[in-house]
Amino acid sequence: MTSVETLRSRDRLLAAATTLFYERGFLATSVKEITQACGFTQGALYNHFPSKDELLYVLVLDIHAELERHTSRARATAGDDPVDQYAALVAVHVAAHAQYRERSRVGNHEYRWLTGARLEDVNASRRRLRDELADVLTAGQEAGVFDLVGGSAATTARAVLDMCGLISEWFRDDGSLTPTEMHRRYIELALRMAGGPSTPRTWPVLPAPPVLPKI
Numbered sequence: 001m002t003s004v005e006t007l008r009s010r011d012r013l014l015a016a017a018t019t020l021f022y023e024r025g026f027l028a029t030s031v032k033e034i035t036q037a038c039g040f041t042q043g044a045l046y047n048h049f050p051s052k053d054e055l056l057y058v059l060v061l062d063i064h065a066e067l068e069r070h071t072s073r074a075r076a077t078a079g080d081d082p083v084d085q086y087a088a089l090v091a092v093h094v095a096a097h098a099q100y101r102e103r104s105r106v107g108n109h110e111y112r113w114l115t116g117a118r119l120e121d122v123n124a125s126r127r128r129l130r131d132e133l134a135d136v137l138t139a140g141q142e143a144g145v146f147d148l149v150g151g152s153a154a155t156t157a158r159a160v161l162d163m164c165g166l167i168s169e170w171f172r173d174d175g176s177l178t179p180t181e182m183h184r185r186y187i188e189l190a191l192r193m194a195g196g197p198s199t200p201r202t203w204p205v206l207p208a209p210p211v212l213p214k215i
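Quick note on our numbering: the sequence shown kicks off at 1 and runs consecutively.
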């Protein structure tokens with residue numbers, strides 16, 4: 001098997017695991033079910049991951065690392081205005097949870113089955129995402145453009161992330177809200193939660209729908 005074929009097989013296993021963990025949960029999904037979904041033999045998983053636990057760890061860490069990359073890029077390209085930076089970060093979280101609904105729910109729920117250093121790695125990523133948002137909120141508070149409840153950037157950051165995280169539980173492509181409408185409403189809600197202006201100076205561009213590996 002070539003390196004390209006190996007990577008392709010690994011991606012297919014991760015894609016199948018994402019769907020199955022989303023539908024059934026990590027504990028209720030067997031290695032056999034994951035490999036069967038790909039048309040592989042049961043032992044094929046162990047060519048890429050030493051255990052189902054390691055597969056979950058790699059999957060969940062990748063979900064969080066991808067989100068970190070997108071938020072870091074969005075903040076860096078939003079300019080120096082804390083309101084625009086905040087809107088850009090919220091836009092990424094909204095898009096991630098609306099467009100990657102399976103990955104979002106797996107990342108937000110199934111990571112709790114990890115233990116030890118694996119769990120700490122994921123928790124560290126989640127803290128970085130929260131702290132990044134809190135840093136922008138603090139900058140806005142100091143600049144006088146935000147009026148945070150209790151003066152707490154951390155509390156507002158947690159509330160905003162919780163609000164965005166729940167999108168994957170209810171949003172549907174054929175629902176009453178278009179992605180653009182929801183995108184704008186959530187940015188407006190987040191700005192109100194921060195005691196800021198009703199709209200950003202510059203509306204972030206809605207990211208394109210993702211292209212994910214096929215099983």
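Here a beta-carbon is modelled for each residue, glycine too, at the ideal position from N, C-alpha and C. This structure is a prediction, so every number in the text was calculated from the model and none was measured.
Pull up the distance between the alpha-carbon of residue i and that of residue j, whole angstroms please.
{"i": "Leu-27", "j": "Leu-56", "result": "11 Å"}
{"i": "Val-4", "j": "Asn-47", "result": "Caution is warranted here: a pLDDT of 41 is assigned to Val-4, below 50, making its placement in the model unreliable, and the coordinate value is therefore given only provisionally. Those two C-alpha atoms are separated by around 14 Å."}
{"i": "Val-106", "j": "Trp-170", "result": "15 Å"}
{"i": "Ala-153", "j": "Ile-167", "result": "22 Å"}
{"i": "Val-136", "j": "Met-182", "result": "22 Å"}
{"i": "Gly-140", "j": "Ala-44", "result": "51 Å"}
{"i": "Arg-10", "j": "Trp-203", "result": "37 Å"}
{"i": "Val-92", "j": "Leu-161", "result": "11 Å"}
{"i": "Pro-50", "j": "Ala-143", "result": "50 Å"}
{"i": "Gly-151", "j": "Glu-132", "result": "17 Å"}
{"i": "Thr-2", "j": "Glu-33", "result": "Because the pLDDT of Thr-2 is 48, which lies under 50, any placement of that residue in the model is unreliable, and the number read from its coordinates should be weighed accordingly. Using only the alpha carbons, I get a separation of about 25 Å."}
{"i": "Lys-52", "j": "Leu-119", "result": "15 Å"}
Please determine, among the options, the residue with the shortest C-alpha to C-alpha distance to residue i.
{"i": "Pro-200", "options": "Leu-133, Val-83 and Glu-142", "result": "Val-83"}
{"i": "Arg-184", "options": "Glu-23, Tyr-86 and Asp-81", "result": "Tyr-86"}
{"i": "Leu-148", "options": "Asn-123, Trp-113, Ala-190 and Ser-72", "result": "Ala-190"}
{"i": "Glu-54", "options": "Leu-13, Arg-128, Thr-202 and Val-160", "result": "Leu-13"}
{"i": "Val-94", "options": "Leu-67, Arg-24 and Ala-37", "result": "Leu-67"}
{"i": "Arg-130", "options": "Arg-158, Gly-196, Asp-174 and Pro-197", "result": "Arg-158"}
Determine whether the beta carbon atoms of residue i and residue j lie at a separation below 7 Å.
{"i": "Glu-102", "j": "Thr-178", "result": "no"}
{"i": "Ser-125", "j": "His-64", "result": "yes"}
{"i": "Met-193", "j": "Thr-156", "result": "yes"}
{"i": "Glu-89", "j": "Arg-112", "result": "Checking the sequence shown, residue 89 turns out to be Leu, not Glu. Taking 7 Å as the Cβ cut-off, Leu-89 and Arg-112 do not qualify as a contacting pair."}
{"i": "His-97", "j": "Gly-165", "result": "yes"}
{"i": "Gln-42", "j": "Val-31", "result": "yes"}
{"i": "Cys-38", "j": "Ala-17", "result": "no"}
TODO: Could you tell me which uninterrupted alpha helix (DSSP H) segments, each at least 4 residues in length, are contained entirely in the segment 101-179, listed from first to last along the chain?
DONE: 101-109, 116-143, 153-165 and 167-170
TODO: Within the segment 16-97, note down every full beta strand (DSSP E) run reaching 3 residues or more, in order along the chain.
DONE: none
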